[in-house]
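Presented below is the structure to which this report refers.
In this note's numbering, the protein residues as written are 29 to 330.
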């Protein structure tokens, strides 16, 4: 591995030569020397320096992006070689979209920790589009996303079904109605996720299925904020069963009774399109494939 790339990435992320030297167990002059060597090899200055900060310039941003990808590939290669002689162990970089990441992934990680204590998960939570981009850039070993992701350069495999319901505050006038029409919903304030989210994709498909589009929408970047807003009576939303089951159980939110619901979609895992995975990754995929330690869906709650 090119040590100068590792040093450069560390300086860029720490934004300080001294902190980078401490992280790498080097002297500050040694860190400076590695940066100078890299800049001479690239043929451009990569960092802007002052007494108060160190930050990337335009050339530095390009080098940083590709250096992260190169280091990720090298680390993965080393892990694959190490796996030949060892059991599943080491860092496993997992990315997950919000619904799976916040409500189901913790159960999977608990199982991994119990059964494979040498695996050290590193978790990133982002929307579906971002998780796919991180996997493609070798910044994640595996991603778990929801909805219809299409990316030719990645391997995508569905492994579980997710059901989604329209929910409102228990105090909303629609909460006590036995049956609602799509025309009723079009008049409501809808609280939706951002573009790029699997939940937003499902919501847009639902609007098309029910043949209406709301005139009043609020876009939030977090499922938790959406739930709090719905409970406060700000509007209604479409969310996964897994995200709302506790609120349904306590009675703070109600699933609305509408024809053609619930909406169903798939949870899928995403990896590089390669037959080679670390043992830690293979173990994680096996856990997903066999639904080990995932909570059990219970439609009776609704």
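Glycine is no exception: its CB is placed at the ideal position from the N, C-alpha and C atoms.
Q. What does residue 293 pair with, by DSSP beta-bridge criteria?
A. Per DSSP, 190.
Q: Return the residue from the list 262, 311, 228 and 212 that minimises the CA-CA distance to residue 240.
A: The shortest Cα separation from residue 240 among 262, 311, 228 and 212 belongs to 212.
Q: State the Cα-Cα distance for the pair residue 210 and residue 173, rounded to the nearest angstrom.
A: Rounded to whole angstroms, residue 210 to residue 173 spans 28 Å at the Cα level.
Q. Among 217, 81 and 125, which has the Cα closest to the Cα of residue 157?
A. Closest option to residue 157, Cα to Cα, is 125.
(Q) Please return the same chain residues whose Cβ sits closer than 6 Å to the Cβ of residue 268, not counting the five positions on each side in sequence. (A) Within the same chain, Cβ atoms closer than 6 Å to the Cβ of residue 268 are found at 127, 190 and 192, the five residues on either side in sequence being excluded.
**Q.** 6 Å Cβ shell around residue 165 - same chain, five flanking residues per side excluded
**A.** Annotation for residue 165: 97 place their beta carbon closer than 6 Å to its own, counting only its chain and skipping 5 residues before and after.
Q) For residue 299, does the three-state DSSP call read helix, strand or coil? A) Strand at residue 299.
(Q) In whole angstroms, give me the CA-to-CA distance for residue 102 and residue 65. (A) Spanning the two alpha carbons is a distance of roughly 20 Å.
Q | C-alpha distance - residue 141 paired with residue 72, whole-angstrom precision | A | When only Cα atoms are considered, residue 141 and residue 72 end up about 45 Å apart.
Q | Best match in 159, 95 and 136 for proximity to residue 182 [C-alpha to C-alpha] | A | Per the Cα distances, 159.
Q | Where residue 89 falls: helix, strand or coil (DSSP) | A | Three-state result, residue 89: helix.
Q) Looking at C-alpha atoms only, which residue of 45, 179 and 32 is the closest neighbour of residue 67? A) The candidate whose alpha carbon is nearest that of residue 67 is 32.
Q) So residue 315 and residue 171 are in contact, right, with Cβ under 8 Å, and what is the actual spacing, rounded? A) Actually they do not touch by this definition, with Cβ atoms about 15 Å apart.
Q. Sorry if obvious, but does the Cβ on residue 64 come closer than 6 Å to a heavy atom of the ligand ZN?
A. The ligand ZN is absent from the structure shown, which contains no ligands of any kind.
Q. If you draw a straight line from the C-alpha of residue 99 to the C-alpha of residue 281, how long is it?
A. Spanning the two alpha carbons is a distance of roughly 46 Å.
**Q.** Assumed close pair residue 249, residue 232 - CB separation to whole angstroms, cut-off 8 Å
**A.** 16 Å between Cβ atoms; not a contact.
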